[in-house]
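**Student:**
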């Protein structure tokens, strides 16, 4: 367990705070991460008082090339301390929305350009998110046009967009593009009843179809429906990667998705289908370089049987294909979306820190896993805190006041000790209840 004494509630500054943190880190390094609670400082440290996460990576102390975060253009421009904090701790950024097709059209590339310029000025890498989101992020005119376009016209829209966008950024130091975002069927959803915050998995293929071409079950989108041989542009995924490679021969080209982390339990069908999809792409010579694994989790994941062994197995099989892995949107929420966070206390923060530690440690076990990005860095600016009904889910390593939470210390420690193995003992953990009455079309993966 992580030291509960690391949670602090009285702000100290400057030299005093740094001295306390250094003593804390030195004490941790002398022990196993799962050691009993240590009697350390209970003082709160600001995001500007604690050592930079990027410093660990850039000093070569981590197995990762990047520790990243997601940022928003307007916060970089107008919110006090936001840009400085991001630049201090991270050497890779992703724009949450500003590089999506609809934003590129609305703002004539200016917001995405500004994000890339910020990254360059701060010597940070840049992840482009996203060239094509299969169910969202399109300008209104495109949605209207796709509704009546045949496959040839759809192909023209795609080729023009990828050519215009990637050629604009190809010499600007983009590390990776999320070429395709969220294409694969979810195969179900978590259902919550009353006060049951752990939930059960309800299997479903609603709004999905099995693609023989990809040997995977995909979400129906405006690009294809699975039942219209004239208007379906089913090869759009392959074509997007091939077009992107034409205009940027150097950047990593990624397929990005969520709820696919583990090859075990309720995620295994989506995970298996993504594996089948990318394996087939490689066999066809499609220039895919990496898989982005989003990893939006909540505190309940820490107790789910076989989830971590399944995650390890999934990373291993992707690495065996020769693909790179990027953790792209990590967050550890109090609860899943739509479920109230009944209590946020020291125990919850400790569990959250363990999730951050395990996530970072898992990534560092695999040479293929090159980056660990959180979907934001402060609870003051998180998409998981925008639920007006249920409020804050506290998902990120710094709190609403930009103070370091135990999750920060977990990140710092695990980045600093990459050779420490991920030890998982979940024999007693409960399995997620699964209501699986649907005939799910298996792949041959």
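In UniProt numbering, the protein residues as written are 1 to 445. No residue lacks a Cβ here, since even glycine has one placed at the ideal position from N, Cα and C. All figures in this text were calculated on a predicted structure; none of them were measured in a lab.
1. Given that a residue counts as buried once 16 or more other Cβ atoms are within 10 Å of its Cβ, and exposed if not, what is residue 230?
2. Given this structure, state the Cα-to-Cα distance separating residue 152 from residue 138, to the nearest angstrom.
3. Which ranges would you report for the beta strand (DSSP E) in the stretch 168-202 if only whole runs of at least 3 residues count?
4. Can you tell me whether residue 57 is helix, strand or coil according to DSSP?
5. Starting from residue 271, trace the alpha helix (DSSP H) both ways and give me its first and last residue.
6. What residue does the alpha helix (DSSP H) around residue 351 start on, and which one ends it?
7. In or out: residue 421 buried (at least 16 other Cβ within 10 Å) or exposed?
8. Quick one: is residue 256 buried, meaning 16 or more other Cβ sit within 10 Å of its Cβ, or exposed?
9. Among 376, 274 and 316, which has the Cα closest to the Cα of residue 362?
10. For residue 230, report the span of its beta strand (DSSP E) as first-last.
11. Quick one: Cα of residue 91 to Cα of residue 53, how far?
12. Three or more C-beta pairs under 8 Å: does that hold for the stretch 303-323 against the stretch 331-345?
13. Helix, strand or coil for residue 91? Go by DSSP, reduced to three states.
14. Would you kindly check if the distance between the Cβ of residue 396 and the Cβ of residue 378 is under 7 Å?
15. By the DSSP assignment, the beta strand (DSSP E) with residue 242 in it spans what residues?
16. If you follow the beta strand (DSSP E) that residue 374 is in, where does it begin and where does it stop?
17. Quick one, are the C-beta atoms of residue 172 and residue 116 less than 7 Å apart?
18. DSSP three-state label for residue 296, please.
19. Between residue 344 and residue 357, what straight-line distance do the alpha-carbon atoms span, to the nearest angstrom?
20. Cα separation between residue 245 and residue 112?
21. Got a sec, what are the start and stop residues for the alpha helix (DSSP H) residue 254 sits in?
22. Do residue 128 and residue 76 come within 7 Å of each other at the CB atom, strictly closer than that value?
23. What does the Cβ neighbour count give for residue 164, buried or exposed, with the cut at 16 atoms within 10 Å?
24. Which runs of the alpha helix (DSSP H), 4 residues or longer, sit entirely within the stretch 69-119?
25. Tell me whether residue 121 counts as near the ligand HEM, meaning its Cβ is closer than 6 Å to at least one heavy atom of that ligand.
26. With distances taken between CB atoms, is the gap from residue 416 to residue 61 smaller than 7 Å?
27. Which first and last residues belong to the alpha helix (DSSP H) in which residue 307 is found?
28. Who are the Cβ neighbours of residue 412 in its own chain at under 8 Å, not counting the five residues just before and after it?
29. Assign residue 409 to one of three DSSP states: helix, strand, or coil.
30. So, residue 178 versus residue 254, is the Cβ gap smaller than 7 Å?
31. Considering only their Cβ atoms, is the gap separating residue 261 from residue 295 smaller than 7 Å?
32. Taking the alpha-carbon positions, what's the residue 401 to residue 95 distance?
33. Starting from the Cα of residue 300, find the closest Cα among 279, 329, 287 and 351 and give me that residue.
34. Taking C-alpha atoms, which residue in 399, 419 and 234 lies nearest to residue 47?
35. Do residue 146 and residue 222 have their C-beta atoms within less than 7 Å of each other?
36. On the criterion of 16 or more Cβ atoms from any shown chain inside 10 Å, does residue 108 qualify as buried, or is it exposed?
**Tutor:** Here's the rundown:
1. Under this definition residue 230 is an exposed residue.
2. So the alpha carbons of these two residues sit roughly 18 Å apart.
3. Secondary structure in the stretch 168-202: the beta strand (DSSP E) runs of 3 residues or longer, each lying completely within the stretch, are 174-181 and 188-191 in chain order.
4. Of the three classes helix, strand and coil, the one that applies to residue 57 here is helix, per DSSP.
5. Segment 268-283, the alpha helix (DSSP H) holding residue 271.
6. Per DSSP, residue 351 belongs to the alpha helix (DSSP H) from 346-364.
7. A residue is called buried once 16 or more other Cβ atoms fall within 10 Å of its Cβ, and residue 421, having fewer, is exposed.
8. Answer is buried; the Cβ neighbour count reaches 16.
9. Comparing alpha carbon positions, the residue from 376, 274 and 316 closest to residue 362 is 316.
10. Bounds of any beta strand (DSSP E) do not take in residue 230, whose DSSP letter is neither H nor E.
11. Looking at the two C-alpha atoms, the distance is approximately 9 Å.
12. As far as the Cβ criterion goes, the stretch 303-323 does not touch the stretch 331-345, which means the pair count is below three.
13. Here residue 91 carries a coil assignment [DSSP, helix/strand/coil].
14. Taking 7 Å as the Cβ cut-off, residue 378 and residue 396 qualify as a contacting pair.
15. No beta strand (DSSP E) contains residue 242, which is instead part of the alpha helix (DSSP H) from 236-247.
16. Membership of residue 374 in the beta strand (DSSP E) is indicated by the continuous run 369-374.
17. Yes, the Cβ-Cβ distance between residue 172 and residue 116 is below 7 Å.
18. Of the three classes helix, strand and coil, the one that applies to residue 296 here is strand, per DSSP.
19. Approximately 19 Å between the Cα atoms of the pair.
20. Distance between residue 245 and residue 112, taken at the CA atoms: about 20 Å.
21. Careful: residue 254 lies outside any alpha helix (DSSP H), inside the beta strand (DSSP E) at 252-257.
22. Not closer than 7 Å, so no.
23. In the assembly as shown, residue 164 is an exposed residue. Its beta-carbon has fewer than 16 other beta-carbons within 10 Å.
24. Those alpha helix (DSSP H) runs which fall completely within the stretch 69-119 and span 4+ residues are 73-78, 82-89 and 101-106.
25. With respect to the ligand HEM, the structure offers nothing, as it holds no ligand at all.
26. Yes, the pair counts as a contact, with Cβ atoms nearer than the cut-off.
27. It spans 307-320 - the alpha helix (DSSP H) in which residue 307 sits, taken as one unbroken run.
28. Closer than 8 Å at the Cβ level, and outside the excluded window around residue 412, lie 25, 50, 51, 53 and 56.
29. When DSSP states are grouped into helix, strand and coil, residue 409 belongs to the helix group.
30. Yes, they are a contact pair.
31. In contact: residue 295 and residue 261 (Cβ atoms closer than 7 Å).
32. Those two C-alpha atoms are separated by around 22 Å.
33. Comparing Cα positions, the closest option is 351.
34. Answer by Cα proximity: 399.
35. In contact: residue 146 and residue 222 (Cβ atoms closer than 7 Å).
36. With fewer than 16 Cβ atoms within 10 Å of its Cβ, residue 108 is classed as exposed.
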